[in-house]
Every structure is written in C-alpha cells, then in structure tokens.
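The structure appears right after this line, and notes come after that.
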Amino acid sequence: MRILMINQVFYPDVAATAQHGHDLARHLVEHGHEVTAISSRSLYGEKGAKLASKEIVDGIEIHRVGRSLFGKTSIIARALDFVLFYLAATWRALTLSKHDVVICFTTPPFITLTGLLLRVFKGSRVVCWVMDLYPDVPIVCGLMKPDSLPSRFFEWLSRLCLNSVDRNVVLGRCMQELIESKGVPSEKISLIGVWSDNTEVREVPRDRNEYRAQWGVGDRTLIMYSGNFGIGHDVDTFLNAALSLRDDDRIRFAFVGGGKRKSTVETFVHEHDLEETCILAPYQPRERLDELLSAADAHLVTLLSGREGVMVPCKLFGILAVSRPALYVGPAESEISRVIVENDCGASVLPGDSARLARTITGYADDPESCRQVGARARAALEASHTMHQRCVAWTELLENVVSGPR
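Residue numbering for the sequence shown is 958 to 1364, as defined by the numbering used here.
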C-alpha cells in the first residue's frame, strides 16, 4: 500500500501524536508499505521553522510545510496557524502522486477535509485517527459556548467529516460511544488504542536510575506526573494531595513536562513552599523515557470531568510498560479508568477527591511490596493487550481492509 499521513506534528517532535504516528509509519515501512508524511516545519507549540522541509527517516518520506508564526500565544493565534497549515498541507498533498489511503489526524482539527479532497481528486481512501474530538474539546474546556453559532457550525462540520471518511479510528470505548451518539454508524468506527513499545520501554532498576540520584529521592516513594499539563487535565486534585502530604518525609512528587497548566503547578508549588517535596522539571528526551518513568514508584494520569470520550490520555501505556501502578484522577467512564479497573493495575479516583488520592499514595509508602505487585500486573496488562506490535498489526489489517473494500 501507498499511505499518506497528515498531522501538524511528526518526527522528531515529542508530542504524543507525533510519536505514535512515527511508530505506526515505521511498522508499515518495515512490512513493505510505502509511507509519506506531511507535517509542519515547526515543533509543537513553538514559533519558526526549525525542521528540514524534506527528509527520509526510517524509510518514511517526510514533507514539512509552513511554519508556526504565533506559537500557542492565544486561541486566535493558534487558529491562524491552523489555517496556514491547512493551506500548505493541502497544496502539498495535491501535488504528490496518488496514495491508496490517507490517514488524517486531528491536529489541526478538521484536517480530514484535506483527505476528503484527495478522495475527490485522486481516489484515495480516507481514515480519520481521532486523537481528540472537535469542537468538543474547546466546548468542554469552556473556550466556546455550546449553543453559539461557531459551535453549531463546527459540530455540523465534525459530523460531516466523521460520516464521510471510510473509517474513524478511536482510542477508547468512551470515545466510540460519544461518536456513535453523534449519528456515526458503528461500521465506520474502529477501536484501536494507543500503545507503548514493550521492547523499547522497560523498567530500569532503581540502583541504576540517574533521575532518582539527580533528584536526591533516595528510598522514598516517588509519585510522578509526566507529559502534557493540558487544559483538559485535572491538576488541582494531585496538587492538594501533595499539599496534604508535605510533612510525610517518605513521599516525594515529580512534575515533569510542559503545557498550558504547568505554570499553575509551578505557582502552586512555590506559593505553598513545596520545593522540598515537589520536583519540577521540563520535558525529557524520549530516549530516556524508560529511565524517567522507572524513576517513579507510581504515576498520575488525570482528566477533568466531562472530558471522557472527548480525549483519551496516552500516557497510561508507558506507565504499564515500566511496571508501575497508575493513579488515575478522572471520570469513571473513561477508557483509562476501565483499563485500570479491569486489570487491577492502579487506582481510579474521582476529580476533587484529593483525600482518597493521598490515602492511596500513603498506602504505597506503607507497603512497597504491594506497590510492586500492582506494577507487575500493569506490565502483564500491557503485554496481553496494549503493545505497539499488537496495535500496529491491527492498524495494518484495518488499512488493508479499507483499501480493498467496496467504494
């Protein structure tokens, strides 16, 4: 098959969608398929063109177009960058030779329209990889009023795209249920979750972990939030838990990464004089992911109420890969909560229940062996159902079925 991927971010970006797109593209190339990717010359959230306009990486032909002029300074600035990418990506896609199938991500929103144009002009099949659902994201985050004219227009556009593509790939049962509620037929929806590479990401023993040594954690129980502190993530619950545990010298927290709400975390830590118990660090290199994740004894995954189905946090599977419990703070109906409960590989706490979260963390500090047993179940759950190989095989079969299916 000749496959085209369109996403604003791709290799070497550290954004989750870029990493998963690159993983899938590598798998497809390794199995004899031809893969081309169109992305931006800018790194996620940054201004300017820092990446080459064209290169071949791991057998993937990457075309990079446009650049971010504004970064993530405001919603309007981001929207303008989206429009510029739409135009540049669509033009580049139209100038390339025909691909059998186009995989459109959801950054920027509605880039699926470019795929549908390619179907009209080139006869390509179109698959939408629904990483986030729009306009639901800005609506549930309070950035758009649900009954406003823009919201109604974008909801109409979203349903048009979801119903027009050959297949929508969703990340969880909660997302599948939400899309079906919008009138999209179940036969147009396939559930393939994201993953972690169980061969690349493995537990690094504590005595060889440079992060623990660098941060002076010693034998204390370390609880980590790693990745994007986004507008859809609950930070208040775990910050209040950290505040309540400030006098327990057995416990430390590490908040690693970036995003819109990282400044909220930093401000809270400084205002409450938590520098002794809370470590603040930026994003870390992907090649050190296993060491970073292994530094913690348990990991936080969060989602604000009302976001279930609209977005599905990707970080869970890296946590499972390094044999660590996942402490989920969010709605019980989300895919993350379901996976944790079904596999008994952590705890699920409702948003705002910082007392229960603190009790769970204290329980791990009281009984480290129990914490390790939960971590072992986490790794077993990954190997049973959530490895990169399993998911990429499912993707390959789906693409082959879409390409060979009736028009």
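Each residue gets a CB set at the ideal place from its N, CA and C atoms; glycine is no exception.
For secondary structure counted as the beta strand (DSSP E) over 3 or more consecutive residues, the region 1109-1170 holds these complete runs in sequence order: 1124-1127, 1146-1148. Contact between Arg1203 and Thr1234 holds, with the beta-carbon distance rounding to 5 Å and staying under 8 Å. Annotation for Glu1012: Ile1019 place their beta carbon closer than 6 Å to its own, counting only its chain and skipping 5 residues before and after. DSSP lists Val1213 as the bridge partner or partners of Ser1183. The alpha-carbon separation between Trp1352 and Ile1149 amounts to approximately 7 Å. By the beta-carbon neighbour count (other beta carbons within 10 angstroms, threshold 16), Arg1209 is buried. For Arg1295, the enclosing alpha helix (DSSP H) starts and ends at 1292-1300. In this structure, Phe1042 is the residue among Phe1042, Glu1340, Ala1211 with its C-alpha nearest to the C-alpha of Gly1023. In the three-state reduction of the DSSP assignment, Cys1098 falls in the coil class.
For Ser1010, the three-state secondary structure derived from DSSP is coil. The alpha-carbon separation between Ile1068 and Asp1038 amounts to approximately 13 Å.
Three or more Cβ pairs closer than 8 Å define a contact, and the region 1076-1083 falls short of that threshold against the region 1098-1111. Excluding the 5 residues flanking it on each side, Glu1112 has same chain C-beta neighbours closer than 7 Å at Pro1092, in chain order. Shown here, His1020 sits in a strand according to DSSP, grouped into three states.
The DSSP-derived three-state label of Thr974 is helix. Below 8 Å, enough C-beta pairs join the region 980-999 and the region 1046-1056 to call them touching: three or more. It is roughly 16 Å from the alpha-carbon of Ala1211 to the alpha-carbon of His1229. Sorting Leu1246, Ala1199, Tyr968, Glu1265 by C-alpha distance to the C-alpha of Ile1236 places Ala1199 at the top. Residue pairing for Asp1247: DSSP places it in no beta bridge. Inclusion of Val1359 and Arg1076 in the CB contact set at 7 Å is not warranted, their separation being larger than that value. Between Gly1266 and Cys1131, the C-beta spacing is below 7 Å. Taken atom to atom, the span from the alpha-carbon of Leu1339 to that of Ile1297 is near 11 Å. Secondary structure of Glu1354 (DSSP, three-state): helix.
In the three-state scheme derived from DSSP, where H, G and I count as helix and E and B as strand, Asp1323 is classed as helix.
Ala1322 is not a Cβ neighbour of Arg1163, given a cutoff of 7 Å.
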